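Trainee:
Numbering (our numbering), first residue to last: 333 to 614.
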């Protein structure tokens, strides 16, 4: 079932490959390597002179989230070929070719996320974060290499931060919506079924027509202040099912069968499909 909902995206996902691109990328890769060496040595970043041919574009911060979002206006300014019609479920997401000098190359699928007016780095993003050991508040710097291999080719460097203590969102009892006790299938099969009645009652603006196989996105913030963007679709007339993103949540929060998850309305929500999720451990 979930394979049908994500097949269009899966064919674009490509695992990273070990490369030694420095010989081919011009001076942008040299500057990026200098930034990476400084950050890996835990030194404060010092702006280095930009050599001829280098083209720094922008930097963005790693948020506590299973996805990376870049505002639409900024993305279209620096990634001019990005297509806003490449939304969730699209057969042709935008693909960024990202080179981390002398380390890895990634072919990163990007979709447009209307609810937050941003472009979203999707399925490969958690792998990217884990592989490069990125932490919340680290900076990602994008460069246009010269010469570049093609239009959507970019060089990436990291600026490591010391990190900040995450704030805990407010789980107010008056904002409680409903709860679910986890079954072995919920924690073992990479999906969570939610009864249609709960969706209609508590997520009233969230509606996917039955049998359309349409996949949409819902945002949950947990007690660690981490945002989880999860793919959801209507399974049948009785159930919705959360697929992509659920398995990562289960593993990171070590969720077990018979434990309970609770859903709340946020005190300050980013949009109408944003909710809080709390794990009640045994």
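All residues carry an ideal CB built from backbone N, CA and C; glycine is no exception.
In this text, all values refer to a predicted model and were calculated from it rather than measured experimentally.
Look at the Cβ atom of residue 413, then the Cβ atom of residue 390, and state whether they are nearer than 8 angstroms.
Mentor: No; because the gap between Cβ atoms is not below 8 angstroms, this pair is not in contact.
Trainee: Assign residue 612 to one of three DSSP states: helix, strand, or coil.
Mentor: Residue state, collapsed to three classes: strand.
Trainee: On the premise that residue 396 lies in contact with residue 568, defined as a C-beta separation below 8 angstroms, what is that separation, rounded to the nearest angstrom?
Mentor: The pair is not a contact, with the Cβ atoms about 34 angstroms apart (cut-off 8 angstroms).
Trainee: Apart from the five residues just before and just after residue 510, which ones in its own chain have a Cβ nearer than 7 angstroms to its Cβ?
Mentor: Taken in chain order, the residues that qualify are 530, 534, 595.
Trainee: Quick one: grab the DSSP three-state call for residue 417.
Mentor: If DSSP states are grouped into helix, strand and coil, residue 417 belongs with coil.
Trainee: Can you tell which of 610, 599, 401 has its C-alpha closest to the C-alpha of residue 507?
Mentor: Nearest of 610, 599, 401 to residue 507, Cα basis: 599.
Trainee: Given this structure, state the Cα-to-Cα distance separating residue 453 from residue 463, to the nearest angstrom.
Mentor: Whole-angstrom Cα-Cα distance: 15 angstroms.
Trainee: Can you tell me whether residue 398 is helix, strand or coil according to DSSP?
Mentor: Three-state result, residue 398: coil.
Trainee: Which runs of the alpha helix (DSSP H) spanning at least 4 residues fall entirely within the stretch 413 to 477, listed in chain order?
Mentor: Counting only runs of 4 or more, we get 457 to 463.
Trainee: Suppose the cutoff is 7 angstroms on Cβ atoms and the five residues either side in sequence are ignored; what does the same chain contact list for residue 520 look like?
Mentor: There are no such residues.
Trainee: Whose C-alpha, out of 525, 470, 561, 552, is nearest the C-alpha of residue 570?
Mentor: Per the Cα distances, 525.
Trainee: Using only the alpha-carbon positions, how far apart do residue 392 and residue 612 sit?
Mentor: Going from the Cα of residue 392 to the Cα of residue 612 covers about 33 angstroms.
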